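A.B. asks:
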């Protein structure tokens, strides 16, 4: 019987820990303070210092309870879909409970909103529905559903988030009123609010917020305490946030449901 090789010894010095953390981020896209502290046999404060130093070197983006690789929120959809799948599905299931038959929904781009649409395709999901979206993957997911009316806001193609942008897409969104807007998050932070990486993407999110009776943000915890360049909305303009993490500032600003 072959013996397993011994597990690597915990790193003794800060430089070693930071190297291990950087490697974990490259492999998994995110790390958590509590998990690293237990794995390395150090205090959570020591791990937070490591993350601050890595952030100062431009290698990571600190988040609530951990850190995310700087490239993580810019990964193509196909790569992001495999990250935090369990959390995304739990968020999607909770969001699907808000939907009632005969409603019109704005559905943003992103892997969590796509998970929501897949929940709404279930046999016992409310019908009929109208889904208005500028996200290609969302549109493809419901295109063959007989009792879901699809309105695709087409326009110029933005490859990384796989969405249509520009004046044509904006005009389609602005021509509709929705019962609920389900928004994906690029970044959410108390002072900066909801932000996006691209100004055209930000404009579409803003149009959905302006045109919906209920504004619901679906986000995993890696997007919290993160700021992207383009402003979308204040936190208190969101009626509800559904997430797998909820720092105190978020619960103080809006209604939060954690999964």
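Residue numbers (the numbering used here): 1158 to 1416.
All C-beta atoms in this analysis are idealised placements derived from N, C-alpha and C, irrespective of residue type, glycine included.
Nothing here was measured: the structure is a model prediction, and the numbers come from that model.
Are the beta-carbon atoms of residue 1271 and residue 1295 separated by less than 8 Å?
C.D. replies: Taking 8 Å as the Cβ cut-off, residue 1271 and residue 1295 qualify as a contacting pair.
A.B. asks: Which one of 1210, 1381 and 1182 has the shortest CA to CA distance from residue 1341?
C.D. replies: Nearest C-alpha to residue 1341: 1381.
A.B. asks: Kindly indicate which three-state DSSP category residue 1341 falls into: helix, strand or coil?
C.D. replies: Three-state result, residue 1341: strand.
A.B. asks: So who's on the other strand from residue 1223, going by DSSP bridges?
C.D. replies: Answer is 1189 and 1220, bridged to residue 1223.
A.B. asks: Inspect the beta-carbon positions of residue 1189 and residue 1222 and report whether they are closer than 8 Å.
C.D. replies: Going by C-beta atoms, residue 1189 is nearer than 8 Å to residue 1222.
A.B. asks: Using only the alpha-carbon positions, how far apart do residue 1208 and residue 1217 sit?
C.D. replies: Approximately 7 Å between the Cα atoms of the pair.
A.B. asks: Assign residue 1260 to one of three DSSP states: helix, strand, or coil.
C.D. replies: The answer is coil: DSSP assigns residue 1260 none of H, G, I, E or B.
A.B. asks: The alpha helix (DSSP H) spanning residue 1273 covers which residue range?
C.D. replies: Residues 1268 to 1277.
A.B. asks: Spatial neighbours of residue 1373 within its chain, please: CB distance less than 8 Å, with the 5 preceding and 5 following residues excluded, ordered by chain position.
C.D. replies: Only 1252, 1255, 1337, 1338, 1339, 1340, 1395, 1396, 1397, 1398 and 1399 meet the Cβ criterion.
A.B. asks: Out of 1386, 1370, 1356 and 1335, which one is the CA nearest neighbour of residue 1349?
C.D. replies: Minimum Cα distance to residue 1349 is reached at 1386.
A.B. asks: Mapping the DSSP letters down to three states, classify residue 1417 as helix, strand or coil.
C.D. replies: What is shown of the chain runs 1158 to 1416, which leaves residue 1417 out entirely.
A.B. asks: Quick one: what's got a C-beta closer than 6 Å to residue 1193's C-beta in the same chain, skipping five residues either side?
C.D. replies: Excluding positions up to five away in sequence, the list reads 1204.
A.B. asks: Closest to residue 1402 by C-alpha separation, out of 1219, 1378, 1325 and 1411, would be which residue?
C.D. replies: Of the candidates 1219, 1378, 1325 and 1411, the one whose C-alpha sits nearest the C-alpha of residue 1402 is 1378.
A.B. asks: By how many angstroms is the C-alpha of residue 1273 removed from the C-alpha of residue 1322?
C.D. replies: Straight-line Cα distance between these residues: approximately 21 Å.
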